[in-house]
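Chains as they are written, first to last, in our numbering: chain A, 60 to 200; chain B, 5 to 557.
Okay, here's the thing in structure tokens:
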């Protein structure tokens, strides 16, 4: 069976993804982050181990009302639904606009100044710990 | 020993395994003129292939860079049967070993850890003391570049780490505030992560991806810290070399090893002495597979203890959620602060020994993979967003590293059917959490919850030790440590231990073990700092006694 993702499968995936990740407050639904486009291809290229369960799930849901199909899949093929959910969530949180909305810059580079005096030494935060003294049992003689 | 020609067929020393202890040995032996061959089943890792600086990072940590070899399923990994183990097994098979993926919590044991029998009446004492090991701890701090703050009152006075501590960050400060309210111990934690440029390594930038490969090269991966020096001094490193068996002669001395290369060819490497450094699972696997007429139960196993006394540090945690942004995707990860408030035994608690606590960031919004079959309305729809609001960016973890005691029933065996891709028998793990571990975990989880509440957490998630064995090989099995210890115990009595205090096998005088297998007890600390200090002590002894070393003719 073909492992290509045609337009119908993409459409089914996006329908399911919008059930799993709907619009909420200021957040867009999954389709608002274009999860069915290039992100889907990128994820399946990187994680080929997800492809089989993904295809099984979207094929089973094809032509069905997405909300009904998603709940049914969670009962009958939970691995497929979890895989579709993982792909949808991964694509969603890789989207730059979604990251902006939740305040996530990614695993960003934030260089440090090792010579800056630590706050906990400036404000004596560590002092009571040191003042309480040793908490180890010494080597018995 | 130590006189063979460079490049000759028989090496002075064969090291099996290019992880932390193997590369400590390789560095010091080659610097002292030994001809050393190191066989490593994995490959050299291109640090440019790490995902920490890319949007796909979270996704890739669930598979290709997952610490569980059963999840990664790479050819360089061997499958491990953990169906009879409460705790999954984590490790990385490559040049640098698990230091490629470790969190770089660079800990020393406390003095009591070496005297558990004397002080607490359980397990055994080590054949040396904290004070005996301290100079080697000091040296290793410099070799790996430890960042930290001296004066921690959980240790005897000693030398400060060579580099300033990494920042506590918002999560470290928040945790420390709670500990101060309770009057409990905390201290800026030691990490083998450079806080300033060090020995060719760039400094940490708090990217927080330490446990899936450090993009900056700030972390002390041993392929960065030790391998280059060993290669410069003539180390012959053979990658993709999967050892099947250690060979012995009629006199009971080790003569070399049989390994399979990546073309499926069987090869032999002969040596005057052999050091096994394959971790607490891989080392007993090779010894048990090395059966002969002289050693019918496996090599160096006259005590019957090879593979026994496996200790894994059952892990548990409390995650606190706060009503303010704590930038909790930032590193170090690594650990900003630690606590040994409840480390030492208190008989009133109903268990012996204790645990180290450490603060950890909670990472990006994706987290682990969804749990198949989770109630739909708790996982998806608006619940998906509400969970992100509750947890992302505003949480941190108090991780609890529980000391587990040695028990012979907890063990590594050879699986009767499972093999790696070369047909070498795989290990099977039998491990049950003890009653002491259960009581210890319950107590510590309750105290960590108090600490979180003192810090102002509005919600707390308690994560007890794993017991659902069906979850071991999913991408979710991160509630584990990869600390693999005790399966070739060190001691003075050949009837009750496998190696002596120098890592030399009682049964085979030119066979040595330098990895965590030799641990007598596990302590409640991340073990790599102690593995390396013990390995350094052992290799120094081997170098000093080279003239007396018995070798195969």
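All C-beta atoms, glycine included, are put in the ideal place defined by N, C-alpha and C.
Small disclaimer: the values here were computed from a predicted structure and weren't measured.
With a threshold of 6 Å on Cβ separation, who are the neighbours of residue 506 of chain B within its own chain once the five nearest residues in sequence on each side are excluded? On the second chain, position 502 is the one that residue 506 of chain B refers to. Once the five neighbours on either side are set aside, the close Cβ partners of residue 506 of chain B are 542, 545.
If you count every other CB in all the chains shown that lies within 10 Å of the CB of residue 352 of chain B, and 16 or more means buried, which is it? Within the second chain, the letter at position 348 stands for residue 352 of chain B. It counts as exposed.
Against residue 168 of chain A, what residues of chain B qualify as contacts under a CB-to-CB distance less than 9 Å, listed in chain order? Position 109 of the first chain, counting from 1, holds the residue named residue 168 of chain A. Under the 9 Å cutoff, chain B gives 57, 209, 210, 211, 219, 220.
Quick one: what's got a C-beta closer than 7 Å to residue 461 of chain B's C-beta in the same chain, skipping five residues either side? In the second chain, the residue the question calls residue 461 of chain B occupies position 457. Take residue 461 of chain B, set aside five residues on each side of it, and the residues of its chain with a beta-carbon closer than 7 Å to its own are 324, 325, 326, in chain order.
Can you pull the chain B neighbours of residue 138 of chain A, defined as C-beta to C-beta under 7 Å? Counting from 1 along the first chain, the entry for residue 138 of chain A is found at position 79. For residue 138 of chain A, the residues of chain B that pass the 7 Å Cβ criterion are 376, in the order they occur in the chain.
Report buried or exposed for residue 255 of chain B, applying the criterion of at least 16 other Cβ atoms within 10 angstroms of its Cβ. One-based indexing of the second chain puts residue 255 of chain B at position 251. By the 10 Å Cβ count, residue 255 of chain B comes out exposed.
Residues in its own chain within less than 7 Å of residue 312 of chain B by CB, not counting five upstream and five downstream? Counting from 1 along the second chain, the entry for residue 312 of chain B is found at position 308. Taken in chain order, the residues that qualify are 412, 415, 491.
Within 10 angstroms of the Cβ of residue 31 of chain B, are there 16 or more other Cβ atoms? Answer buried if so, exposed if not. The sequence position of residue 31 of chain B within the second chain is 27, counting from 1. Buried: at least 16 other Cβ atoms inside 10 Å.
At a CB distance below 9 Å, what residues from the stretch 183-195 of chain B approach chain A? Give them in sequence order. Within the stretch 183-195 of chain B, those residues whose Cβ lies closer than 9 Å to any Cβ of chain A are, in chain order, 183, 184, 187, 188, 189, 190, 191, 192.
Buried versus exposed, by CB contacts within 10 Å (16 or more), residue 181 of chain A: Counting from 1 along the first chain, the entry for residue 181 of chain A is found at position 122. Around the C-beta of residue 181 of chain A, fewer than 16 other C-beta atoms lie within 10 Å, and the residue is accordingly described as exposed.
Going along chain A, which residues have a C-beta under 9 Å from residue 118 of chain B? Counting from 1 along the second chain, the entry for residue 118 of chain B is found at position 114. Contact of residue 118 of chain B with chain A by beta-carbon distance below 9 Å involves 198.
Less than 9 Å between CB atoms is the rule here; does residue 177 of chain B satisfy it with respect to chain A? Counting from 1 along the second chain, the entry for residue 177 of chain B is found at position 173. Cβ-Cβ to chain A under 9 Å: yes for residue 177 of chain B.
In the DSSP assignment, the beta strand (DSSP E) including residue 421 of chain B goes from what residue to what residue? Taking the second chain and counting its residues from 1, the one referred to as residue 421 of chain B is at position 417. Residues 415-423.
Residue from B/22, B/121, B/91, B/431 with nearest C-alpha to residue 476 of chain B: Within the second chain, numbered from 1, the residue matching residue 476 of chain B stands at position 472. Looking at the Cα atoms, B/91 is the closest of the given residues.
In chain order, each alpha helix (DSSP H) run of at least 4 residues that lies wholly inside the stretch 209-294 of chain B: Entirely contained in the stretch 209-294 of chain B, the alpha helix (DSSP H) runs reaching 4 residues are, in chain order, 226-229, 231-236, 283-293.
Quick one: Cα of residue 183 of chain A to Cα of residue 173 of chain A, how far? Working through the first chain from its first residue, we reach residue 183 of chain A at position 124. Working through the first chain from its first residue, we reach residue 173 of chain A at position 114. When the Cα atoms are used, residue 183 of chain A and residue 173 of chain A turn out to be separated by approximately 19 Å.
Sequence-distant residues of its chain with Cβ nearer than 8 Å to residue 268 of chain B (five each side left out): One-based indexing of the second chain puts residue 268 of chain B at position 264. If we look at residue 268 of chain B and ignore the five residues flanking it on each side, its Cβ neighbours are 426.
Could you work out which residues of chain B lie near residue 153 of chain A, taking near to mean beta carbons separated by less than 7 Å? As a position in the first chain, residue 153 of chain A is number 94, starting the count at 1. In chain order: 59, 60.
Could you spell out the range, first to last residue, of the beta strand (DSSP E) harbouring residue 342 of chain B? The residue given as residue 342 of chain B occupies position 338 in the second chain. 341-343 is the span of the beta strand (DSSP E), which, as asked, contains residue 342 of chain B.
Nearest CA to the CA of residue 418 of chain B: which residue from B/84, B/171, B/208? Against the second chain, residue 418 of chain B aligns to sequence position 414. The shortest Cα separation from residue 418 of chain B among B/84, B/171, B/208 belongs to B/84.
So what does residue 139 of chain A bridge to, in DSSP terms? Along the first chain, read from residue 1 onward, the residue named residue 139 of chain A stands at position 80. Beta-bridge partners of residue 139 of chain A (DSSP): none assigned.
With 16 as the cutoff for other CB atoms within 10 Å, does residue 190 of chain A come out buried or exposed? Locating residue 190 of chain A in the first chain gives position 131, where the first residue counts as 1. Exposed.
Beta-carbon proximity check, residue 291 of chain B vs residue 274 of chain B, cutoff 9 Å: The residue given as residue 291 of chain B occupies position 287 in the second chain. The residue given as residue 274 of chain B occupies position 270 in the second chain. No, Cβ-Cβ distance for residue 291 of chain B and residue 274 of chain B is not below 9 Å.
Run through the DSSP bridge pairs and tell me what residue 508 of chain B is partnered with. For the purposes of this step, residue 508 of chain B is taken as residue 504 along the second chain, with counting starting at 1. Answer is B/516, bridged to residue 508 of chain B.
Mind listing, in chain order, the continuous beta strand (DSSP E) runs of no fewer than 3 residues lying wholly within the stretch 431-502 of chain B? The stretch 431-502 of chain B contains these whole beta strand (DSSP E) runs: 463-467.
Among B/454, B/371, B/549, B/527, whose alpha-carbon lies nearest the alpha-carbon of residue 65 of chain B? Counted from its first residue, the second chain places residue 65 of chain B at position 61. Residue B/371 is the option with its Cα nearest to residue 65 of chain B.
Please compile the residues from chain C whose C-beta is within a distance smaller than 8 Å of the C-beta of residue 189 of chain A. Going by chain labels, chain C is absent from the structure shown, which instead holds the protein chains A and B.
From which residue to which residue does the alpha helix (DSSP H) around residue 120 of chain B run? Here residue 120 of chain B corresponds to residue number 116 of the second chain, with the count starting at 1. It spans 120-124 - the alpha helix (DSSP H) in which residue 120 of chain B sits, taken as one unbroken run.
Under 7 Å Cβ to Cβ from residue 68 of chain B, same chain only, skipping five residues before and after it: list those, please. Here the question's residue 68 of chain B lines up with position 64 in the second chain. Same-chain partners within the cutoff: 76.
Best match in B/321, B/539, B/497, B/451 for proximity to residue 189 of chain B [C-alpha to C-alpha]: Sequence index remark: in the second chain, residue 189 of chain B carries index 185 (1-based). Looking at the Cα atoms, B/451 is the closest of the given residues.
At which residues does the beta strand (DSSP E) containing residue 115 of chain B begin and terminate? To locate residue 115 of chain B, count along the second chain from 1; it is residue 111. Careful: residue 115 of chain B lies outside any beta strand (DSSP E) and carries neither H nor E.
Residue 11 of chain B by DSSP, collapsed to three states: which one? As a position in the second chain, residue 11 of chain B is number 7, starting the count at 1. Caution applies to residue 11 of chain B, whose pLDDT of 44 falls short of 50 and renders its modelled position unreliable; the model cannot decide the point.
Pick from B/259, B/182, B/315 that is closest to residue 434 of chain B, judged by C-alpha positions: Along the second chain, read from residue 1 onward, the residue named residue 434 of chain B stands at position 430. Measuring C-alpha to C-alpha distances from residue 434 of chain B to each of B/259, B/182, B/315 identifies B/315 as the nearest.
Residues in the same chain with beta-carbon distance under 7 Å from residue 296 of chain B, minus the five sequence neighbours each way, listed in chain order, please. Locating residue 296 of chain B in the second chain gives position 292, counting from the first residue. The residues are 252.
Based on the DSSP secondary-structure assignment, which residues constitute the bridge partners of residue 74 of chain A? Translated into the one-based positions of the first chain, residue 74 of chain A becomes position 15. According to DSSP, residue 74 of chain A bridges with nothing at all.
Excluding the 5 residues preceding and the 5 following residue 49 of chain B in the sequence, name in chain order all residues of the same chain whose CB lies nearer than 6 Å to its CB. Locating residue 49 of chain B in the second chain gives position 45, counting from the first residue. Around residue 49 of chain B: 98, 104.
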